[in-house]
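K.L.:
Have a look at this one.
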Amino acid sequence: NAGVMQNPRHLVRRRGQEARLRCSPMKGHSHVYWYRQLPEEGLKFMVYLQKENIIDESGMPKERFSAEFPKEGPSILRIQQVVRGDSAAYFCASSPNTDTQYFGPGTRLTVL
Amino acid sequence: ILNVEQSPQSLHVQEGDSTNFTCSFPSSNFYALHWYRWETAKSPEALFVMTLNGDEKKKGRISATLNTKEGYSYLYIKGSQPEDSATYLCAFNSGGSNYKLTFGKGTLLTVNP
Numbered sequence: 004n005a006g007v008m009q010n011p012r013h014l015v016r017r018r019g020q021e022a023r024l025r026c027s028p029m030k031g032h033s034h035v036y037w038y039r040q041l042p043e044e045g046l047k048f049m050v051y052l053q054k055e056n057i058i059d060e061s062g063m064p065k066e067r068f069s070a071e072f073p074k075e076g077p078s079i080l081r082i083q084q085v086v087r088g089d090s091a092a093y094f095c096a097s098s099p100n101t102d103t104q105y106f107g108p109g110t111r112l113t114v115l
Numbered sequence: 012i013l014n015v016e017q018s019p020q021s022l023h024v025q026e027g028d029s030t031n032f033t034c035s036f037p038s039s040n041f042y043a044l045h046w047y048r049w050e051t052a053k054s055p056e057a058l059f060v061m062t063l064n065g066d067e068k069k070k071g072r073i074s075a076t077l078n079t080k081e082g083y084s085y086l087y088i089k090g091s092q093p094e095d096s097a098t099y100l101c102a103f104n105s106g107g108s109n110y111k112l113t114f115g116k117g118t119l120l121t122v123n124p
C-alpha cells in the first residue's frame with residue numbers, strides 16, 4: 004500500500020501566480036487534511052475534507068486559498084495570486100476514519 | 012486557542028543514553044494525543060495514538076505515557092541510536108466532529124555516535 008503522495012515536492016512561483024498542490028491519499032482513505040508549516044513554526048491545520056465535502060476549513064485563510072477533494076482524483080490545495088508570505092511547506096495527511104493520520108512528504112512552496 | 016507545548020526544544024545525547032521529552036496539552040475536552048517521528052526531508056511517521064488516562068504504549072525502544080488529568084505525555088527512548096535522530100512531534104486532538112490535530116513545535120533529538 005503506497006503511502007500518501009504529494010506533488011510537486013518543490014514548487015516555485017512568482018508573486019501573483021497560482022499554485023496548485025496535489026495530494027493522493029492512501030488507498031481506502033476517504034479523509035484528507037492539509038497542514039502548513041511556516042518558517043520557524045509548527046504544523047498548523049488548514050482544512051479537513053471528505054470525498055466531495057469540506058468538513059472544516061477553519062484554519063485556511065478566507066481569501067485566495069481553496070481546497071477540494073473530488074470523487075475521482077487527488078485532493079487539490081489551490082492558492083491564487085500567491086504572495087511571499089505563502090512560502091511554506093504544505094503537508095497533506097489521510098486517514099481511513101480512525102484516529103491515526105498518515106502524512107505525505109510535503110510540498111515546499113517558494114514565492115519569489 | 013489550544014496550546015501544545017513540547018520540551019526541551021532540542022536535545023543532544025550520546026549513543027546508548029536513554030532520554031525522554033515532554034508534551035503538555037489542555038486537560039479539558041481531551042480526545043487523543045498523537046506522537047510522530049519526523050526525519051528531515053521525509054514524512055512525519057506515526058508512532059502512537061493515546062486516548063486513555065494512564066495509557067502506556069511501546070514500540071521497540073520507544074515508549075510513551077499519558078496523563079490526561081494533568082495534561083502531559085512523556086516519550087522515552089531507551090539506549091538511543093544515531094538513527095533515532097529526528098524531530099519528535101506531539102499533537103492534541105480535542106475530538107468533536109473531526110480529527111483536527113494541534114501540533115507542538117517538536118523536540119529535535121540528535122544522537123551522537
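Protein chains in written order, with my numbering: chain S, 4 to 115; chain V, 12 to 124. Think of the CB as a built atom: it goes at the ideal place given N, C-alpha and C, for glycine as much as any other residue. Values in this document were obtained by computation on a predicted structure and should not be read as measured data.
Mapping the DSSP letters down to three states, classify S/Arg111 as helix, strand or coil.
P.N.:
strand
K.L.:
Report the neighbours of S/Phe48 on chain V: residues whose CB is nearer than 9 Å to its CB, in chain order.
P.N.:
Lys111, Leu112, Thr113, Phe114
K.L.:
How is S/Glu71 classed by DSSP in three states: helix, strand or coil?
P.N.:
strand
K.L.:
Using a Cβ-Cβ cut-off of 8 Å, state whether S/Gln104 counts as contacting chain V.
P.N.:
yes
K.L.:
According to the neighbour-count rule (16 or more other Cβ atoms, all chains shown, within 10 Å of its Cβ), is S/Gln84 buried or exposed?
P.N.:
exposed
K.L.:
Determine, using beta carbons only, whether S/Tyr93 comes closer than 8 Å to chain V.
P.N.:
Not closer than 8 Å to any Cβ of chain V, the Cβ of S/Tyr93 fails to qualify, so no.
K.L.:
For S/Ser106, which residues from the same chain have a beta carbon less than 7 Å from its beta carbon, with the 5 sequence-adjacent residues on both sides left out?
P.N.:
As written in the sequence, residue 106 of chain S is Phe, which differs from the Ser given in the question. Hits under 7 Å: Val7, Phe94, Ala96.
K.L.:
When the distance is taken between beta carbons, is S/Leu112 closer than 8 Å to S/Leu14?
P.N.:
yes
K.L.:
Since I believe V/Pro19 is in contact with V/Thr118 (beta carbons under 8 Å), could you give me their beta-carbon distance rounded to a whole number of angstroms?
P.N.:
Beta-carbon to beta-carbon, V/Thr118 and V/Pro19 are separated by about 6 Å, close enough to satisfy the 8 Å threshold.
K.L.:
Per DSSP, what are the beta-bridge partners of V/Ala57 in this structure?
P.N.:
V/Tyr47
K.L.:
So S/Pro108 contacts chain V; which residues on that side make the cut at Cβ distance below 7 Å?
P.N.:
Lys53, Ser54
K.L.:
Mind pulling the chain V residues with CB within less than 7 Å of S/Met98?
P.N.:
A small correction: the amino acid at residue 98 of chain S is Ser; Met does not occupy that position in the sequence shown. What S/Ser98 touches in chain V: Tyr110.
K.L.:
For S/Lys65, which of S/Glu21, S/Pro77, S/Pro73, S/Ile82 has the nearest alpha-carbon?
P.N.:
The candidate whose alpha carbon is nearest that of S/Lys65 is S/Ile82.
K.L.:
Using C-beta distances below 7 Å, list every residue in its chain close to V/Gly90, excluding the 5 sequence neighbours before and after it, in chain order.
P.N.:
Gly27, Ser29, Arg72, listed in sequence order.
K.L.:
Would you mind sorting V/Asn123 into buried or exposed? The rule is 16 or more other CB atoms within 10 Å of its CB.
P.N.:
exposed
K.L.:
Are V/Leu22 and V/Phe103 touching if we call contact CB-CB under 8 Å?
P.N.:
No; because the gap between Cβ atoms is not below 8 Å, this pair is not in contact.
K.L.:
Along the chain, where does the beta strand (DSSP E) containing S/Asp59 start, and where does it finish?
P.N.:
56-59
K.L.:
In the DSSP assignment, the beta strand (DSSP E) including S/Met8 goes from what residue to what residue?
P.N.:
8-10
K.L.:
Can S/Phe48 and V/Lys111 be called in contact, C-beta distance under 8 Å?
P.N.:
Yes, these two residues count as a Cβ contact at 8 Å.
K.L.:
Skipping 5 residues on each side, what residues in its chain have a beta carbon closer than 6 Å to that of V/Phe41?
P.N.:
Thr79
K.L.:
Counting along the chain, where does the beta strand (DSSP E) carrying V/Ala102 start and finish?
P.N.:
That run of the beta strand (DSSP E) goes 97-104.
K.L.:
Does the distance from the C-beta atom of S/Leu80 to that of S/Leu24 stay below 8 Å?
P.N.:
Result yes, Cβ atoms of S/Leu80 and S/Leu24 sit closer than 8 Å.
K.L.:
Just verifying my parser: in three-state terms, what is the DSSP assignment at S/Arg17?
P.N.:
coil
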